[in-house]
Ligand SMILES: [Zn+2]
């Protein structure tokens with residue numbers, strides 16, 4: 015135990031510090047990577063929804079329109095046919111359709127953060143070797 019503590023302290027402290035930063039950078043990178051991959055998968059697979067959908071209210075099989083495609087792209091899983099949507103809007107006149115802008119600004123932010131993470135990671139690796 016005491017022999018370990020007697021080892022060159024500066025070197026040991028530096029290694030521990032680097033390892034912690036490396037771990038945080040890797041974890042942040044993984045997290046951002048997952049977000050970016052999910053966004054890419056969504057862009058690839060969700061760009062073209064199936065031709066039809068089942069209305070969440072009247073359970074009819076109806077073709078997609080611009081409104082439901084837009085909802086599909088913003089990650090919604092419940093769709094309503096034009097008639098049910100019209101009825102819903104009459105019942106909720108105050109509620110406006112959301113544009114889903116929240117997810118739109120997440121992608122560039124995630125990209126910038128991942129670039130920073132990759133940069134920090136490579137700098138850390140370069141310094142370590
Ligand atoms: Zn319906």
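In our numbering, the protein residues as written are 15 to 143. All C-beta atoms, glycine included, are put in the ideal place defined by N, C-alpha and C. Owing to the predicted nature of the structure, the values given are computational and were not obtained by experimental measurement.
Smallest Cα separation from residue i: which of the options?
i: residue 127; options: 37, 38, 43; result: 43
i: residue 88; options: 131, 139, 56; result: 56
i: residue 45; options: 74, 131, 77, 86; result: 131
i: residue 122; options: 139, 47, 33; result: 47
i: residue 97; options: 79, 63, 38, 39; result: 79
i: residue 68; options: 91, 138, 50; result: 91
i: residue 83; options: 39, 95, 125, 133; result: 95
Start and end of the beta strand (DSSP E) containing residue i?
i: residue 215; result: Outside the displayed range of the chain (15 to 143) lies residue 215, so it cannot be described from this structure.
i: residue 68; result: 66-68
i: residue 63; result: Neither: residue 63 is in no beta strand (DSSP E) and is coded neither H nor E.
For residue i, which of helix, strand or coil comes out of DSSP?
i: residue 34; result: helix
i: residue 140; result: helix
i: residue 114; result: Low confidence applies to residue 114: its pLDDT is 48, below 50, so where it sits in the model is not reliable, and the reading given next is rough at best. Residue 114: coil per DSSP, three-state reduction.
i: residue 16; result: With a pLDDT of 48 at residue 16, under the threshold of 50, the modelled position of this residue cannot be trusted; read the value that follows with caution. In the structure shown, residue 16 sits in a helix (DSSP, three-state: H, G or I).
i: residue 56; result: helix
Can you tell me where the alpha helix (DSSP H) with residue i in it begins and where it stops?
i: residue 103; result: 96-105
Would you mind giving the Cβ-Cβ distance between residue i and residue j, rounded to the nearest angstrom? I have them listed as a contact below 8 Å.
i: residue 138; j: residue 39; result: 6 Å
i: residue 125; j: residue 50; result: 7 Å
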